[in-house]
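Presented below is the structure to which this report refers.
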Amino acid sequence: VKHKPLILSTWDHGMPANDRAWEVLQSTGNIVDAVEEGVKITEADMSNLSVGLQGLPDREGIVTLDASIMKGDGSCGSVAFVRQIKHPIALARKVMDETPHVFMAGEGARKYAISLGMPVEEEVLSPAAEKDFNKWKETSQYKPIINIENHDTIGMIGMDSNGHLAGACTTSGLAYKMHGRVGDSPIIGAGLYVDDEVGAATATGLGESIIRICGSFLIVELMRQGRSPQEACEEAVRRLIAKNSGIKDIQAGFLAINKEGEYGAYAVHPGFNFAKHYKNGKEMVNSGSKF
Ligand code: SD4
């Protein structure tokens with residue numbers, strides 16, 4: 038099945054994000070604006086505990102955000118380990134469009150946001166995050182758990198009606214990570230990769246396992262060599278399992294689109310789903326999985 042335009046996003050929260058992205062694509066025709074505006078919905082959603090400032094903190098009780106954005110012509114921008122900025126994806130977009138760099142981190146990225154007039158939010162945990170953090174402190178055990186709220190980064194990839202691609206990925210990262218830990222989401226080629234000549238891919242799940250295999254870049258390169266998006270996602274999951282011990286406790290999932298408008302998804306464990314918007318409608322789709 039081939040769809041143009043097409044927008045895919047990870048997890049249930051992909052549905053409202055896609056709604057917004059679709060609206061922006063219809064009104065402006067700009068796929069980069071569409072993915073940016075789309076994931077901003079998730080960044081601002083108070084009920085989401087793993088994207089945006091309301092997300093779960095690191096083990097010191099501090100929320101740090103990672104985000105990336107990429108266009109099919111190779112332009113990209115990302116930010117990592119950023120505090121107090123509500124829309125890290127907008128900051129990543131500015132890094133892409135307005136700076137000579139592609140990746141900014143920490144205090145420098147925050148200062149750049151301030152210089153752009155982005156508001157600095159007060160550093161307080163959301164009520165839901167605070168409650169969870171207090172509970173976590175009783176044992177202080179760091180153990181990522183499969184497919185629960187602390188695994189639901191939004192990764193969005195889309196194609197306009199002319200076949201131009203873009204993607205965006207944004208997260209508060211894994212709950213109770215070490216302070217300073219950065220995941221796959223802001224790493225171009227790990228959490229996101231887009232190439233108009235081939236297709237686009239994004240990732241969700243345990244970032245360490247995804248970084249090890251350059252997951253999104255791997256999928257795009259497999260598609261370049263002739264694999265379908267589905268075959269490429271499945272091969273990436275096989276690779277990820279081979280390179281990560283303790284895989285029984287790890288969830289990771291991938292989404293991909295090729296330039297023909299075909300798509301695929303695959304995960305290590307059951308439970309990964311994604312939102313799909315296309316000309317004839319929209320739906321949630323359950324991904325297949327290795328185990
Ligand atoms: C990370 N990949 O920081 C992110 C977390 C995630 O769904 O995807 N959650 O490792």
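Just remember that the UniProt record's numbering sits 37 ahead of the position in the sequence shown, which is counted from 1. Backbone N, C-alpha and C fix where the C-beta goes; we use that ideal spot for every residue, glycine too.
Problem - Under the three-state DSSP convention, the category Gly263 falls into - result: coil
Handout entry: Distance, Ala146 Cα to Pro266 Cα
Key = 34 Å
Practice task
State the beta-bridge partners of Ser326 as determined by DSSP.
Solution key: Ala304
Problem - Closest Cα partner of Cys113 within the set Leu128, Leu255, Asn317 - result: Leu128
Practice task
Label Val157 either buried or exposed according to how many other C-beta atoms from any shown protein chain fall within 10 Å of its C-beta, with 16 as the threshold for buried.
Solution key: exposed
Exercise for the section: Identify the continuous beta strand (DSSP E) that holds Ala58 and give its terminal residues. Expected result: Here Ala58 belongs to no beta strand (DSSP E); instead the alpha helix (DSSP H) covers 51–65.
Practice task
Can you tell me which of Lys180, Gly89, Arg218, Ile122 puts its alpha carbon nearest to the alpha carbon of Asp286?
Solution key: Lys180
Handout entry: Cα-Cα separation, Phe309 to Gly242
Key = 9 Å
Practice task
Compute the Euclidean distance between the alpha carbons of Ile185 and Leu102, then round it to the nearest angstrom.
Solution key: Because Ile185 carries a pLDDT of 49, less than 50, the predicted location of this residue cannot be relied on, and the following value inherits that uncertainty. Taking the straight line from one Cα to the other gives about 19 Å.
Problem - Where Leu102 falls: helix, strand or coil (DSSP) - result: strand
Handout entry: Residues of its chain near Lys280, where Cβ-Cβ distance is below 8 Å and the 5 sequence neighbours each way are ignored
Key = Ser246, Arg249, Ile250
Handout entry: Chain-order list of residues whose beta-carbon lies under 6 Å from that of Met107 (same chain, five-residue window excluded)
Key = Cys113, Gly204, Leu229, Val231
Handout entry: His138 burial status per 10 Å Cβ neighbour count (16 or more: buried)
Key = exposed
Problem - Identified DSSP bridge partners for Ile122 - result: Val157
Exercise for the section: Could you tell me the boundaries of the beta strand (DSSP E) in which Lys41 lies? Expected result: Taken as a continuous stretch (DSSP letters only), Lys41 belongs to no beta strand (DSSP E), as it is neither H nor E.
Practice task
Between the Cα of Ala312 and those of Asn199, Gly318, Val305, Val322, spot the shortest distance and give me the residue it belongs to.
Solution key: Val322
Problem - Same chain only: Cβ atoms within 6 Å of Glu159, ignoring 5 sequence neighbours per side - result: none
Exercise for the section: Indicate the three-state DSSP secondary structure (helix, strand or coil) for Gly75 in the structure shown. Expected result: helix
Problem - Alpha-carbon spacing of Lys39 relative to Ile284, whole angstroms - result: 33 Å
Handout entry: Same chain, Cβ closer than 8 Å to Ile99, neighbours up to 5 away in sequence not counted
Key = Arg120, Glu160, His216
Exercise for the section: Would you kindly report the start and end of the unbroken beta strand (DSSP E) that includes Lys313? Expected result: 310–315
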